[in-house]
Amino acid sequence: MGRGGRGGHKKRLMRKDYQGDGKRENAWNEKKTHRADQYLEAGDMHNEAFEEYYKVQDIVPEGEWQEFLDILKKPLPITFRINGSGRFAAELVTKLQTDFFSHFSEGPVMLDGELVQPPRPLPWYPSNLAWHMNFTRNQLRKLSWLAAIHEFMKVANEAGSITRQEAVSMVPPLFMDVQPHHRVLDMCAAPGSKTFQLLEMLHNMEGADSSSGSSTTPSGFVVANDADAQRCNLLTHQTKRMCSPCLMVTNHNGEQFPKITGLQPAPGSAAAAAAAVEAAAAELAGNAAQQQQGEGEVMRFDRILCDVPCSGDGTMRKAPDIWRRWSVNNGNGLHNMQLRIALHAVRLLKVGGRMVYSTCTPNPIEDEAVVAELLVRCKGALQLLDVSDQLPELKRCAGKRKWLVRDKHQWYSNWEEAAKVGFKLDPTMFSSPEKQQLPLERCMRILPHHQDTGGFFVAVLQKVAETPDLPDPSLAHRFTRIITAGRDGRLIKIDGADPHQGAEDAAAYALEAAEQAIAALEAGDAAAATKAANAAAAAASRGGLAQDAATEIYKNQRRYDSQEARKQQQLAKQQQRQQDAATAGADEDAAAVEADADADVQAMEGVETAGDDVDADADAAAAAADEAEGADDAADGAADGKAAWTPSWVRGGGGRGRSGSGRFRGIDPIIPVEDPTIIKMLVDFYGVEASFPLATHLITRSLEAAFPKRLYYVSDALLAVLLADERESLKITATGLKLFERHELRGKELGKCQYRIAQEGLPFLLPHLTKQVIRLPVADFMRLLADRNVPLLIPSSAAGSEAETAAAAAAAKTPSNQVPLSTPSVLKQLEGLESGGAVALLDEEAAQQLGLAVDQAGSGALTANAPLAVSVWRTRASLSVLVAKNECEQMADKVRSAQQRMKQQQQGGKGAAKQAEAVAA
């Protein structure tokens, strides 16, 4: 999608439009204030229908209703989570408490007669790694040290040290018990904060026995899925702060996530070797079942997070516009989709696996009704777990066993009451005697006023046996309709109840209810009259739906019948042609005839290929992230020529040098990097260890250039998934960790290797490099971070030519702030450093003294916990940083904090020594 989006034809507003003869006045227009702002300014944060609904549902404990209502009208506090765990996370907590929160230790802080609330850790989050702050804009503006806290949070969030996240949003992953070997699916993942938590848990390798090729890489993976292509791009951006090759981002409707079969361990992995041994043993023993299992398995997940789309009633504090637009139809309209997503999650779950179902609404139609229907349909194969002993300081209310259902007219206690008159209701919404026997009190409902949060619902389920067949909820009670599907005007008939009979039933019910209302009025019973009048209105609405469906059928039936007749004719032609081709015995001609017949059928149906009827705008949005990174690949392809190798497999999208159209338009294909020239170049130049599976685990998203722009690394487990997806069912928007990126210097030679190391993949790759690494003392490292381009003093013995000697002499005459690096240990390392990509990192001894040394096995793949190292480009006369400025500042701040901490410790040690001497004297 272009810059203008859907409105791209409109003139873009420029600064000149507000200057001189510009047509626009550079002044605020009060009349164009956003509707939500107007609503809030009017003080209308109330909704009678909302209040009546939740009072009847008895969601809030007795005596707490006003407190519940009051907190919903207050802004949501700022909450953030410190990423990772272990020493670095603890040090960041200490920094927050000493550098920023120490002002509150001297006593209460008052501003304009108002108490400034001190930051506090969330009591239920482990290890004090999540914090709550509640500052007003006025306080941030008037107290400089509060503004410093806010600024620190923005920088730390960008660097990946913390994640801004709503408190209740942190809850579901904490109940999933993710282990490094688990296959994890986040079915509705965007914007990605929960996915980030799941990745952290997956990479928590302390005490874990990973079977992957690297001790720091888990054998499991996380698949983050979302139905919205643009939100998938946001999801990819959010998770880039995790240096993980174990993440795949997909774009599917949650209820249609594909089933992958034939899953086998990736070639060359430890799991593949173990599987080969087992298969050989099974063959010797004649174990047919085990041999068949060796042919591949269905991909099931150990953990599934099912955080479904919902009405968002619990998010009013951060989205107050919900007050104005709240309707009971919001939740009712989402129930069926929520149930279908949850049912599909159960199908994808392993026996013994755990699933967490969650929403950000307290509405029982979206909460307990879905969970109860799941349990009933699974017939004991799915259990609702009691997790009341976990996170004991998290205040929660028990789930409900009974609830009522309301449409826009009236309340219903069971489906029998609503079947003939309910407005857009489904039988799965209702409680029943069977459902009331289920342990639904094990569900958790988090109310905003209990701990100053948003509202949330969580249910933890475990699959204890194979489930019976789980069809999607029946829609037979809805009226038969003929609808237009797709951009080509195709018609689809949805079978259901007879709309003519439905209209008659609704009319009879409405007449009866109207008579009851008149009788009640005559008897002076106003309550009964109101109830009867509501019933009559509900029946009238139901009748309207029936009438609309009948009209739709009448208008489209002839077109639909004609379409079906043409389809049958084309199928008959296809069958006849196939028979003729078989009789002729000409295989090639038969294939051509069959292809022609297929084309006829597709033209008649108005579809191009299976799976290609995706909206063009959605496809363009899905490609937005990769388009930003790979738009220049097409131009490069013209200059560099096509890729020099033919890949052994391709997955996913079409285009970008792929022969054939591919399954998904607008999505770049996934292609293994199998060119021996590229692999040898990388291995020889960077000295990549032989144990690192570079030759088998690198992928790219384009074959349009001889040297692809970006190279990504995927873990053993994700490589196995890609290889198993031979039907290309997965619509993958992003996967793998970017390790290398082609460097470009216009008009200059790039040296022996065209690729530089990508900063986001550096922490993962660094332990496996034996060349192109330079270790700098603290002063030189800090100078490199600050100046970003440092001249080099090349020794004459290493210059090798008059040109290099001249460059060294010129560098020596630079101003004092550009004095070349002259540390002897650095100059010695430069002698063996080739021109091209390299890594500059803080010397290990200096890092150890400052307490910044990193244990690779315990870094958890978090970028913020990685060694202090930057990707650089080395020329004959300079060393240039290839890292964003804010990342350099974050690293420099970490070093300065460590130096300050060491200085304080030394001063404390001297003071203690003097005191000891005085005592001894």
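All residue numbers for the sequence shown refer to this note's numbering, where the first residue is 26 and numbers rise by one. Ideal Cβ placement from N, Cα and C applies to all residues, glycine included.
Secondary structure of residue i, DSSP reduced to three states
i: residue 862; result: strand
i: residue 385; result: coil
i: residue 333; result: coil
i: residue 323; result: coil
i: residue 439; result: coil
i: residue 927; result: helix
i: residue 509; result: strand
i: residue 808; result: helix
i: residue 500; result: coil
i: residue 857; result: coil
i: residue 895; result: strand
i: residue 279; result: helix
i: residue 878; result: coil
i: residue 981; result: Past the boundaries of the shown model lies residue 981; the chain is included only from 26 to 946, so the question cannot be answered.
i: residue 650; result: Interpretation of residue 650 is limited by its pLDDT of 42, a score under 50 that renders its predicted location unreliable; no figure is taken from the coordinates.
i: residue 901; result: coil
i: residue 710; result: helix
i: residue 267; result: strand
i: residue 408; result: strand
i: residue 285; result: coil
i: residue 921; result: helix
i: residue 244; result: coil
i: residue 342; result: coil
i: residue 420; result: coil
i: residue 625; result: In this prediction, residue 625 has a pLDDT of 47, which is less than 50 and means its spatial position is unreliable; what the coordinates show is noted afterwards. Here residue 625 sits in helix by DSSP.
i: residue 705; result: helix
i: residue 916; result: helix
i: residue 11; result: Within the shown structure, residues of the chain are numbered from 26 to 946, placing residue 11 beyond reach of any answer.
i: residue 230; result: coil
i: residue 249; result: strand
Span of the beta strand (DSSP E), counted from its first residue to its last, around residue i
i: residue 766; result: 762-767
i: residue 475; result: It is not in any beta strand (DSSP E) - residue 475 instead sits in the alpha helix (DSSP H) that spans 473-476.
i: residue 692; result: Counting along the chain, residue 692 falls outside any beta strand (DSSP E), and DSSP gives it neither H nor E.
i: residue 75; result: Counting along the chain, residue 75 falls outside any beta strand (DSSP E), though it belongs to the alpha helix (DSSP H) covering 73-82.
i: residue 198; result: Per DSSP, residue 198 belongs to no beta strand (DSSP E); it is in the alpha helix (DSSP H), 196-199.
i: residue 816; result: 814-816
i: residue 208; result: 208-211
i: residue 189; result: 187-189
i: residue 515; result: 515-519
Nearest-angstrom Cβ-Cβ length linking residue i and residue j, presumed shorter than 8 Å
i: residue 721; j: residue 292; result: 6 Å
i: residue 857; j: residue 710; result: With 8 Å as the limit, residue 857 and residue 710 do not qualify as a contact, their Cβ atoms being about 13 Å apart.
i: residue 184; j: residue 915; result: 4 Å
i: residue 188; j: residue 106; result: 5 Å
i: residue 749; j: residue 288; result: 4 Å
i: residue 383; j: residue 356; result: About 15 Å separates the two Cβ atoms, so there is no contact after all.
i: residue 905; j: residue 895; result: Contact flag wrong, Cβ pair sits at about 10 Å.
i: residue 703; j: residue 726; result: Going by Cβ atoms, the distance from residue 703 to residue 726 rounds to 15 Å, so no, they are not a contact pair.
i: residue 470; j: residue 334; result: About 18 Å; that fails the 8 Å criterion.
Continuous alpha helix (DSSP H) stretch holding residue i: start and end
i: residue 488; result: Here residue 488 belongs to no alpha helix (DSSP H); instead the beta strand (DSSP E) covers 481-488.
i: residue 169; result: 169-184
i: residue 602; result: 551-609
i: residue 361; result: 353-373
i: residue 226; result: 218-227
i: residue 400; result: 393-403
i: residue 543; result: 524-547
i: residue 390; result: Careful: residue 390 lies outside any alpha helix (DSSP H) and carries neither H nor E.
Residue i: CB within 6 Å of a non-hydrogen atom of the ligand ATP
i: residue 79; result: No copy of the ligand ATP appears in this structure; indeed no ligand is present at all.
> Below 8 Å, can you find three or more Cβ-Cβ pairs linking the stretch 395-410 to the stretch 353-369?
Replying inline: yes
> Hey, is the stretch 905-918 in contact with the stretch 809-816, meaning 3+ C-beta pairs nearer than 8 Å?
Replying inline: Flag = yes, the stretch 905-918 and the stretch 809-816 touch.
> In chain order, which alpha helix (DSSP H) runs of at least 4 residues are fully inside the stretch 720-801?
Replying inline: 741-749, 787-790
> Would you call the stretch 473-485 and the stretch 530-546 in contact, with 3 or more CB pairs under 8 Å?
Replying inline: no
> Should the stretch 425-440 be regarded as contacting the stretch 560-567, the criterion being three or more beta carbon pairs within less than 8 Å?
Replying inline: yes
>> Assess contact between the stretch 488-508 and the stretch 563-583, defined as three or more Cβ pairs (one per stretch) separated by less than 8 Å. Is contact present?
In response: yes
>> Three or more C-beta pairs under 8 Å: does that hold for the stretch 740-760 against the stretch 783-802?
In response: Too few Cβ pairs lie closer than 8 Å, so no.
> Taking the runs of the alpha helix (DSSP H) that are 4 residues or longer, which of them lie wholly in the stretch 90-159?
Replying inline: For the stretch 90-159, the full-length alpha helix (DSSP H) segments reaching 4 residues or more read 90-97, 112-120 along the chain.
> Using 8 Å as the threshold, is the stretch 447-465 in touch with the stretch 344-360, meaning 3 or more CB pairs across them?
Replying inline: Enough Cβ pairs lie closer than 8 Å, so yes.
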